[in-house]
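Visitor: According to my numbering, the sequence shown is numbered sequentially starting from 1.
Here a beta-carbon is modelled for each residue, glycine too, at the ideal position from N, C-alpha and C.
Bear in mind the structure is a predicted one, so any value in this text is a computation, not a measurement.
Okay, here's the structure, questions in a sec.
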Amino acid sequence: MATLLVVATAGGATAEDSSCCSDLDQRVAELESMVARKGNRTVSLQVTGLVNNAVMTWDDGAERNAYVVTNDNQRSRFSFVGKAAIDAIWEAGYAIDIGLRAANSKLVNQLTDNDRVLRRDFDVRSSVWYLRNKHLGAGFIGTTFAATDRIANSNVTQTAMFNQYAAPENTGLGMFLRSASNGRLTRSLLNWRRIIGAGGDQPGESQRGFSLLKYVSPTWNGFTAAADWVVTDFWDVALRYRKEMHGFDVGAGIGYLQLVPGSRTRSVCSIAILDDGGDSPACRQLLGSVSAKHLDTGLFANFGFEYTLDGIADDTDRFANTGVGDHELLLSGQFGIERPYLSLGKTTIYGEYYNYSGAAPTALLVGPGDPLNPTGVGSWAVWQSSVAIWGAGIAQGIDSAAMILYLSYKHVTGDLTLRQLNGVEATGPVAGAPIDDLDLLLSGAVIRF
1 MATLLVVATA GGATAEDSSC CSDLDQRVAE LESMVARKGN RTVSLQVTGL VNNAVMTWDD
61 GAERNAYVVT NDNQRSRFSF VGKAAIDAIW EAGYAIDIGL RAANSKLVNQ LTDNDRVLRR
121 DFDVRSSVWY LRNKHLGAGF IGTTFAATDR IANSNVTQTA MFNQYAAPEN TGLGMFLRSA
181 SNGRLTRSLL NWRRIIGAGG DQPGESQRGF SLLKYVSPTW NGFTAAADWV VTDFWDVALR
241 YRKEMHGFDV GAGIGYLQLV PGSRTRSVCS IAILDDGGDS PACRQLLGSV SAKHLDTGLF
301 ANFGFEYTLD GIADDTDRFA NTGVGDHELL LSGQFGIERP YLSLGKTTIY GEYYNYSGAA
361 PTALLVGPGD PLNPTGVGSW AVWQSSVAIW GAGIAQGIDS AAMILYLSYK HVTGDLTLRQ
421 LNGVEATGPV AGAPIDDLDL LLSGAVIRF
């Protein structure tokens with residue numbers, strides 16, 4: 001409620017003052033009538049969101065430091081959502097979701113503790129309206145997440161709020177690669193997440209911010225289906241499951257995605273940016289996950305996978321007739337125990353493992369004189385890469401404050417293989433480029449409102 005407090009001396013009051021204040025009071029009343037509190041008489045309004053900040057400590061083998069970051073596993077955001085009943089069967093609704101990008105844990109690196117290079121602190125995660133029929137499902141139009149969003153990260157535990165086990169890029173993988181041969185930092189813009197996926201939207205990472213047409217079915221016996229068409233990029237379908245059964249809380253999902261002709265997305269087959277777009281449908285992805293927690297003991301296990309068939313790379317000028325690989329494979333898992341040991345809320349203790357391997361994961365080149373260049377001369381393409389991560393963590397829920405305190409550790413190792421260019425073609429010698437390991441410690445909290 002807006003309140004206006006005016007203090008004046010009796011001797012200073014005039015007819016002009018009275019007229020001024022009368023106009024001001026009227027304007028304040030008009031503004032108050034326009035303020036949305038719980039929606040209008042027809043459409044509801046609810047404001048929700050979360051704040052998720054942490055201290056990220058890192059060691060890349062030659063340098064160590066600590067940054068205050070926004071945790072991109074579930075980054076800080078605020079949302080406006082609402083709906084209105086049309087009749088007993090139909091309803092309409094909307095969602096606007098604004099994310100905070102400042103000091104993003106995925107984008108910071110050894111050279112900056114804040115991703116100011118993007119020159120924006122906010123972005124639109126969703127701006128969408130929908131019509132829903134209780135029996136037929138819902139149709140969405142606008143900017144929002146795809147059907148396969150986070151489907152490789154099914155998770156029935158509270159680790160979902162700070163550590164997505166199939167998307168480790170969200171915790172420090174914007175860090176640049178450091179050569180294990182000479183100890184120097186690359187100048188090629190190659191960071192850890194780019195040898196998993198050039199755009200950072202690696203396999204397993206959520207697909208958000210797409211302008212699309214989307215359908216979501218009603219939930220039947222725990223199953224929900226979804227499909228969408230991102231007009232200029234791809235289409236995908238997904239089936240999800242969530243239900244308690246035989247003493248377990250179970251969540252699972254499986255999805256399929258395929259690029260459309262002319263696609264320029266780097267979210268799946270990143271090398272598509274080098275293609276003329278005609279071969280885009282040759283890029284296809286199958287991904288899924290399952291999560292189960294035993295309700296009595298609290299023991300849980302999460303498993304995710306992704307397989308991408310890249311039929312684009314060998315049709316580009318760079319890799320044509322070179323024998324470049326055509327697939328990417330991701331396997332990830334998390335296991336532990338989650339129980340209310342304290343009256344505050346649930347305590348979660350876990351371990352995790354992640355493994356990725358793929359061919360031609362990025363269009364970026366290693367140039368002459370770069371610390372990663374095997375010979376120091378010429379330009380080299382990324383021919384093959386693999387990343388392995390093991391980690392552990394602990395979290396404590398505080399139910400009365402809708403809060404989770406967390407601490408997670410990751411040890412990252414990788415192999416990088418390059419191939420020298422002859423002109424624009426990667427037909428030169430193949431050589432390894434050893435890279436230093438990376439250690440990451442993330443400690444923070446998320447609070448929801």
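1. Would you kindly report the start and end of the unbroken beta strand (DSSP E) that includes TRP220?
2. Using a 10 Å radius around the Cβ and a threshold of 16 neighbouring Cβ atoms, would you call PHE122 buried or exposed?
3. Going by C-alpha to C-alpha distance, which of SER408, ASN373, LYS134, VAL387 sits closest to ASN182?
4. In the DSSP output, what is TRP58 paired with across the bridge?
5. For VAL412, is the classification buried or exposed, using 16 other Cβ atoms within 10 angstroms of its Cβ as the cut-off for buried?
6. Roughly how far, in whole angstroms, is the beta-carbon of ASN153 from the beta-carbon of SER289, given that I think they are within contact range, below 8 Å?
7. What are the partner residues of GLU169, as DSSP defines its beta bridges?
8. For the putative contact between GLY333 and TYR353, defined by C-beta atoms under 8 Å, what is the C-beta separation to the nearest angstrom?
9. Rounded to whole angstroms, what is the Cα-Cα separation between ALA62 and VAL250?
10. Assuming VAL69 contacts ASN104 under a Cβ cut-off of 8 Å, what Cβ separation, rounded to an integer in Å, is found between them?
11. So, using beta-carbon positions, are LEU212 and ALA138 closer together than 8 Å?
12. Give every residue of the same chain whose Cβ lies closer than 7 Å to the Cβ of LEU407, excluding the five residues on either side of it in the sequence, and list them in chain order.
13. Tell me where the beta strand (DSSP E) around ILE141 begins and ends.
14. Nearest CA to the CA of TRP129: which residue from THR143, GLY376, HIS135?
15. Starting from ASP236 and walking both ways along the beta strand (DSSP E), at which residues does that stretch end?
16. Taking Cβ to Cβ, would you say LYS106 is nearer than 8 Å to GLY93?
17. For ASN104, list the residues DSSP reports as bridge partners.
18. Between GLY336, TYR356, VAL387, which has its C-alpha nearest THR297's C-alpha?
19. Going by other Cβ atoms of all chains shown within 10 Å of its Cβ, with 16 needed for buried, is PHE449 buried or exposed?
20. CB-CB under 7 Å to ALA85, same chain, minus the five flanking residues each way: which ones, in chain order?
21. Per the DSSP calculation, VAL366 is bridged to which residue(s)?
22. Quick one, which of PHE176, ASP437, ARG419 has its alpha-carbon nearest VAL430's?
23. Would you give the residue range spanned by the beta strand (DSSP E) that ARG125 belongs to?
24. May I ask you to verify whether the segment 360-371 touches the segment 382-390, counting CB pairs closer than 8 Å and requiring at least 3?
25. Is it buried or exposed for ASN58, if we count other Cβ within 10 angstroms and need 16 for buried?
26. State the CB to CB distance for the pair ASP317 and GLU425, rounded to an integer number of angstroms; the pair is presumed to be in contact (CB under 8 Å).
Guide: According to the data block:
1. It is not in any beta strand (DSSP E) - TRP220 carries neither H nor E in the DSSP assignment.
2. Note on PHE122: under 16 other CB atoms within 10 angstroms of its CB, so exposed under the neighbour-count rule.
3. Nearest C-alpha to ASN182: ASN373.
4. Paired residue(s): ASN65, LEU440.
5. VAL412 sits buried, since 16 or more C-beta atoms from the chains shown fall within 10 Å of its C-beta.
6. At roughly 6 Å, the Cβ-Cβ gap stays under 8 Å, so ASN153 and SER289 are in contact.
7. DSSP output for GLU169 lists no bridge partner at all.
8. Confirmed, Cβ separation roughly 5 Å.
9. Cα-Cα distance, rounded: 43 Å.
10. Correct: roughly 7 Å between the Cβ atoms.
11. No. Outside cutoff.
12. Within the same chain, LEU407 has close Cβ partners GLY393, ILE394, SER443.
13. Taken as a continuous stretch (DSSP letters only), the beta strand (DSSP E) holding ILE141 covers 137-144.
14. Of all alpha-carbon atoms in THR143, GLY376, HIS135, the one lying nearest the alpha-carbon of TRP129 is that of THR143.
15. First-last of the beta strand (DSSP E) with ASP236: 234-245.
16. In this structure, GLY93 does not lie closer than 8 Å to LYS106 by Cβ.
17. Beta-bridge pairing links ASN104 to THR70.
18. The shortest Cα separation from THR297 among GLY336, TYR356, VAL387 belongs to GLY336.
19. PHE449 should be labelled exposed.
20. Closer than 7 Å at the Cβ level, and outside the excluded window around ALA85, lie GLU91.
21. Per the DSSP secondary-structure output, VAL366 pairs in a beta bridge with TRP380.
22. Of the candidates PHE176, ASP437, ARG419, the one whose C-alpha sits nearest the C-alpha of VAL430 is ARG419.
23. Per DSSP, ARG125 belongs to the beta strand (DSSP E) from 122-133.
24. Output reads yes: the segment 382-390 touches the segment 360-371.
25. The sequence given here has Trp at residue 58, not Asn. TRP58 comes out buried.
26. So it is a contact: roughly 7 Å between Cβ atoms.
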